[in-house]
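Chains as they are written, first to last, in the numbering used here: chain L, 481 to 829; chain V, 5 to 178. We treat Cβ as the ideally placed atom computed from N, Cα and C, and that holds for glycine. Note that the structure is a prediction, hence the values are computed from the model and not measured.
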């Protein structure tokens with residue numbers, strides 16, 4: 481298990497390869513499904529015995545379900561806080577999941593598929609893809625869900641559908657999201673209008689780490705707000721058409737920025753690159769803002785290097801738990817700022 | 005705030021349940037009315053003095069006394085997981101599948117407010133459908149009919165092709 485984490489430290493996840501569709505605007509897509517088993521209390525009401533039984537059930541599924549055979553089993557209860565935080569930073573588990581007990585993560589080595597066992601629901605299946613690929617993520621997820629459904633009894637009751645701990649997930653249990661980099665819309669002040677429009681069409685807008693997280697580096701996550709009343713494909717389709725509009729608006733805003741003051745923008749991009757590639761101390765928030773400017777520069781053709789995969793790798797490796805695992809030691813915030821600056825310089829060299 | 009009541013046969017004091025009540029307070033909140041009738045002794049304890057036509061009292065202490073009189077609503081409890089209605093209201097999470105029936109009254113307005121509909125549309129567990137493909141075909145047919153009605157023929161044609169594919173794969177499995 482620790483071997484797997486050690487391998488992950490040195491390699492960025494495949495979904496950060498920036499090889500997916502529309503990566504100039506859409507960083508990554510994610511779909512998750514919430515499912516519970518019949519005849520067992522949901523994890524928040526379950527005692528340690530029930531949680532243990534679910535972990536056992538999950539292990540067994542990995543042995544018999546074809547699509548789960550390649551999954552690694554990570555028992556969160558024997559992972560320390562640093563390893564747990566590391567998994568949060570890689571978008572593989574939720575912060576809430578990292579803090580509780582009786583939990584297990586099933587993880588594909590390439591990090592595309594992750595299944596949280598005993599989060600708020602018994603199972604939270606998740607698929608991550610590079611770029612705008614919600615449909616592909618859904619199809620992969622659907623295949624796994626179908627395999628598991630053939631071997632267990634998921635809690636399901638008409639008229640509600642699949643039953644979940646929180647009524648905001650009931651029905652399909654699906655949450656599809658696209659993480660978008662929107663410096664153009666943020667710079668031209670259009671984000672407020674977008675927040676309002678999103679409200680009208682049941683789209684939730686969140687920050688970099690999803691629910692409850694702040695917006696950093698001009699990253700906005702869009703996801704379906706409702707799970708009941710529309711089927712999975714309608715939900716995916718509605719999100720796709722929303723994101724398509726966002727992509728068009730963002731690209732138009734970038735063009736306007738470029739045509740209005742190309743030299744000013746070019747100067748900003750190279751200054752940001754200059755700071756990133758030479759600084760000796762770098763706080764996380766400053767880095768996210770500078771990376772956003774360089775990313776924009778790459779996307780609009782003002783700078784050829786670093787490419788998006790490198791920018792993604794920097795963003796991943798420079799997070800607190802990643803830094804400490806790379807350096808193999810506990811670091812204070814001030815020490816992390818120094819380590820972060822060094823890692824950025826190395827990756828940009 | 006204070007209203008006269010029948011002085012000939014006054015009710016017993018709501019606080020001590022012993023002496024006849026002398027003063028009655030009525031609290032009106034919207035359509036809801038709550039009354040408290042108290043005796044001179046209890047009134048004095050609550051800081052109320054009644055002197056001829058003038059009445060002095062401490063409003064918060066009266067309201068607090070009235071709140072004791074409201075019978076606590078019986079809390080609904082799920083017999084499977086033990087979750088109470090109060091706990092559900094506090095943290096918004098249900099405890100098990102049965103909770104969906106037990107707390108239906110609290111749940112329905114929440115679902116109405118937060119979701120796009122009251123009925124599930126979409127996947128069904130294989131055990132509840134003759135086969136997953138069959139369930140999918142039924143669902144797709146329904147959708148196709150809706151699309152035809154809405155004169156969205158191109159999308160309907162795409163679904164027709166998908167249904168055909170599924171029917172072929174279903175046939176092949178037989």
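Would DSSP call residue 667 of chain L helix, strand or coil?
helix
Helix, strand or coil: how does DSSP classify residue 466 of chain L here?
Any answer about residue 466 of chain L is impossible in this case: the structure gives chain L only from 481 up to 829.
Report the rounded CA-to-CA distance for residue 40 of chain V versus residue 30 of chain V, giving the unit in angstroms.
Distance between the alpha carbons of residue 40 of chain V and residue 30 of chain V is about 6 Å.
For my contact list, residue 613 of chain L and residue 501 of chain L are in at a C-beta cut-off of 8 Å; report their separation, rounded to the angstrom.
The pair is a contact, with the Cβ atoms about 6 Å apart (cut-off 8 Å).
Near residue 795 of chain L, what residues of its chain come up, given a Cβ to Cβ distance below 7 Å and the 5 sequence neighbours on each side ignored?
771
Using a Cβ-Cβ distance under 8 Å, would residue 609 of chain L count as near chain V?
no
Could you name the residues of chain L that residue 113 of chain V contacts, counting a contact when the two beta carbons are closer than 7 Å?
By Cβ distance, chain L contributes nothing, its closest Cβ being about 10 Å from residue 113 of chain V, past 7 Å.
Given that residue 90 of chain V touches chain L, what residues does it touch there, using C-beta distances under 9 Å?
Chain-order list of chain L residues neighbouring residue 90 of chain V: empty, with the shortest C-beta distance near 14 Å, by a criterion of under 9 Å.
When burial is assigned at 16 or more other CB atoms within 10 Å of the CB, is residue 484 of chain L buried or exposed?
Its Cβ having fewer than 16 others within 10 Å, residue 484 of chain L is exposed.
Three-way DSSP call (helix, strand, coil) for residue 640 of chain L in this model
coil
Just how far apart, CA to CA, sit residue 552 of chain L and residue 507 of chain L?
Roughly 26 Å between the two C-alpha positions.
Could you check the C-alpha separation between residue 652 of chain L and residue 643 of chain L for me, to the nearest Å?
9 Å
Buried or exposed: where does residue 761 of chain L fall if 16 or more other Cβ atoms within 10 Å of its Cβ makes it buried?
By the neighbour-count criterion, in which a residue is buried when 16 or more other Cβ atoms sit within 10 angstroms of its Cβ, residue 761 of chain L is exposed.
Distance, Cα to Cα, residue 597 of chain L vs residue 738 of chain L?
47 Å
Within 8 Å (strictly less), CB to CB, does residue 711 of chain L reach chain V?
yes
Would you please state the rounded distance, in angstroms, between the beta carbons of residue 604 of chain L and residue 595 of chain L? I believe it to be under 8 Å.
7 Å
Indicate, with yes or no, if the ligand ADP has a heavy atom lying under 7 Å from the CB of residue 514 of chain L.
Among the components modelled here there is no ligand, and therefore nothing to report on the ligand ADP.
Any idea if residue 675 of chain L is buried or exposed, counting beta-carbon neighbours within 10 angstroms, 16 or more meaning buried?
exposed
How far does the beta strand (DSSP E) with residue 563 of chain L in it extend, from its first residue to its last?
No beta strand (DSSP E) holds residue 563 of chain L; the alpha helix (DSSP H) holding it covers 561-569.
Coarse secondary structure for residue 24 of chain V, derived from DSSP in three states:
strand
For a contact defined as C-beta to C-beta under 8 Å, what are the partners of residue 122 of chain V on chain L?
Those are 639, 708, 709, listed as they occur along chain L.
Under a CB-based cut-off of 8 Å, is residue 646 of chain L close to chain V?
Closer than 8 Å to some Cβ of chain V, the Cβ of residue 646 of chain L qualifies, so yes.
Using beta-carbon positions only, say whether residue 706 of chain L and residue 682 of chain L come within less than 8 Å of one another.
yes
With a cut-off of 8 Å, do at least 3 Cβ pairs link the stretch 565-573 of chain L to the stretch 800-820 of chain L?
yes
Proximity of residue 133 of chain V and residue 629 of chain L at Cβ, strictly below 8 Å:
no
Would you grab the beta carbon distance between residue 125 of chain V and residue 709 of chain L for me? Rounded to a whole angstrom, and I think it's under 8 Å.
7 Å
Anything in chain V within Cβ reach of residue 793 of chain L, meaning under 7 Å, just list it in chain order.
Neighbours of residue 793 of chain L on chain V: none; closest Cβ ~36 Å, over 7 Å.
Suppose contacts are defined by Cβ-Cβ distances below 8 Å. Is residue 824 of chain L in contact with residue 767 of chain L by that definition?
Yes, they are a contact pair.
Taking the C-alpha atoms as reference points, what is the distance between residue 593 of chain L and residue 140 of chain V?
24 Å
Is residue 603 of chain L helix, strand or coil by DSSP?
DSSP places residue 603 of chain L within a strand segment (E or B) once states are collapsed to three.
Got a sec: is the Cβ-Cβ distance from residue 126 of chain V to anything in chain L below 8 Å?
Yes, its Cβ sits closer than 8 Å to a Cβ of chain L.
Can you tell me whether residue 703 of chain L is helix, strand or coil according to DSSP?
strand
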